[in-house]
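Take a look at the structure set out below.
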Amino acid sequence: MKKFVIKGPAKLTGAIDISGSKNSALPILAATLLTDEEVVLRNIPRLKDIETMSRLLRCLGADVVEDYPLIIVRAGRKKKYTAPYGIVKTMRGSFCVLGPLLARLGRAKVSLPGGCVIGVRPVDLHIKGIKALGADIRLDNGYVYAKAKALKGAEVYLGGMFGSSVLATANVMMCAVLAKGRTVIENAACEPEIVDLANVLKKMGAKIKGEGSPWIEIEGVNKLGGAEHEIIPDRIEAGTYIMAAGITNSEIRLKHVNLQHLGAVLDVLSGCDLQIKGGKTIDVIPGGAIKARNIATLPYPGFPTDLQAQFVALMTIANGTSVITERVYPDRFMHVPELNRMGANIKREGPYCVVQGVKELIGAPVMASDLRASAALVIAGLAAKGKTEVHRIYHLERGYENMIEKLRSVGADISEAKE
Ligand code: EPU
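In this note's numbering, the protein residues as written are 348 to 766.
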């Protein structure tokens, strides 16, 4: 196993290139199963999760050429319909092959993904939506078995206890594009990653309206064809480096950003005295001391849960007290005890944590538990005085392309070492 060793406090300067979005690329890769023609995808980040999805596509009979940042998939005629436990358990995103397999082959056997360190993460909404399209679904031995002679469009409400679901919306959309007739998804996820998926599906010949709003309307077609598409920039990676600039009080530049996808984040950060200027290339300009701000995570266009941990890290050194409410994954606070080991003053109570800003963080050995918690520990390590060791950094390799190189290029003293 590997760890990151960070020596701080860092002063960052220079520019970082933002990669393509992991959470956009994963369902789009699943969508390639909907056609026997070639799909060419650009701006794909080289990440463990993407490699896992490529492995799954191969296992389902597709030819996949990985030439990052390019991936070409042809899911020709070698049709297999089983997504095995061994792959799905390592990455929940792979569950979204269910919709495309069922739509193209009339059957699918996909392992249930199981629990996850950030919370329970059920798949009831995926199943509800796909059942509504006429599929016969049974659960057996840890697998979802889905069958449908002819999928039929339907109106389906996809909201759950915690709002809309990104991947359930993606799964149902990918199933409905080849169903007969009209489907309406109500309370659909509005995330930019859903819009990106809809854009690829439309290039493949699908008829979709309303993506980006809570009502998505799909008119089924008989067949989809090949397409070429460039994945949108990763808004969570951009947000993470923006917070890295804030916590180290450094001015840095980020390239290949889509600021429109970061509205809630920019609004909160401007209240923290962290200015962001520019368009596709942005300059992050801290105004001195960071001010405390309260936030609540929400589905898009609200503040993203995937940036909550990094924001908590930023608030540890802010002037004042902030209350952070997690409304999407109420248990997603594994970073809290680790940040406290670095001298932070955070109290957690259910889905809230109260962060009392401290003068400085002190380097310490800390344990990464999931992707975004790990990112929070890395940015805290950049700000902390002395040596921080972030253990179990394999989580970071799932979602941050070349993190170490990118941070080094802006002057961070960060290296990788064996445990
Ligand atoms: N939910 C249900 N039932 C379902 C599906 C979801 O109750 O059938 C609940 C979840 O438990 C959660 C809420 O609905 O409380 C939202 O979950 P969602 O389904 O939107 O999450 P997801 O689609 O499984 C994607 C991202 C996550 C990101 C969430 C929320 C991918 C591959 N994953 O997951 O990304 O946190 O949306 O924005 O797109 C990450 O990148 O670190 C990550 C965890």
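Each residue gets a CB set at the ideal place from its N, CA and C atoms; glycine is no exception. Quick caveat, the model's predicted, so the values are computed rather than measured.
Check, Outcome
"Alpha-carbon to alpha-carbon, Leu616 and Ala759", "22 Å"
"Three-state class that DSSP yields for Val412 in the structure shown", "strand"
"Distance between beta carbons of Lys349 and Lys765, contact taken as under 8 Å", "6 Å"
"CB contact flag (Asp832, Ile465, <8 Å)", "In the structure displayed, the chain extends from 348 to 766; residue 832 sits before or after that span and is not available."
"Counterpart residues of Glu575 in DSSP-defined beta bridges", "Val387"
"Meets three-Cβ-pair contact criterion under 8 Å: the stretch 475-483 and the stretch 403-419", "no"
"Thr668 burial status per 10 Å Cβ neighbour count (16 or more: buried)", "exposed"
"Those runs of the alpha helix (DSSP H) which lie wholly inside the stretch 488-563 and span at least 4 residues", "513-523, 539-550"
"DSSP-derived helix/strand/coil call for Lys478", "helix"
"C-beta atoms of Ile391 and His603 nearer than 8 Å", "no"
"Heavy atom of the ligand COA within 7 Å of Ile465 beta-carbon", "Within the structure as shown, the ligand COA is missing, the only ligands being the ligand EPU."
"Integer-rounded CB distance, given that Tyr741 should sit under 8 Å from Ala722", "That belief does not hold up - the Cβ atoms of Ala722 and Tyr741 are roughly 13 Å apart, past 8 Å."
"Cβ-Cβ distance between Arg454 and Ala493 below 8 Å", "yes"
"Cβ-Cβ distance between Gln637 and Leu661 below 8 Å", "With the sequence shown as reference, residue 637 is identified as Ile, and Gln is not the correct amino acid for it. The answer is yes: Cβ separation under 8 Å."
"Between the CA atoms of Pro633 and Ala357 - distance to the nearest angstrom", "14 Å"
"Candidates Val737, Ile418, Arg600, of which the one nearest Glu385 by Cα", "Ile418"
"Residue closest to Thr595, alpha-carbon to alpha-carbon, out of Leu359, Lys354, Val352", "Leu359"
"DSSP three-state assignment for Pro712, whether helix, strand or coil", "strand"
"Lys550 and Ala523 closer than 8 Å at C-beta", "no"
"Three-pair Cβ contact test at 8 Å for the stretch 551-567 versus the stretch 527-541", "yes"
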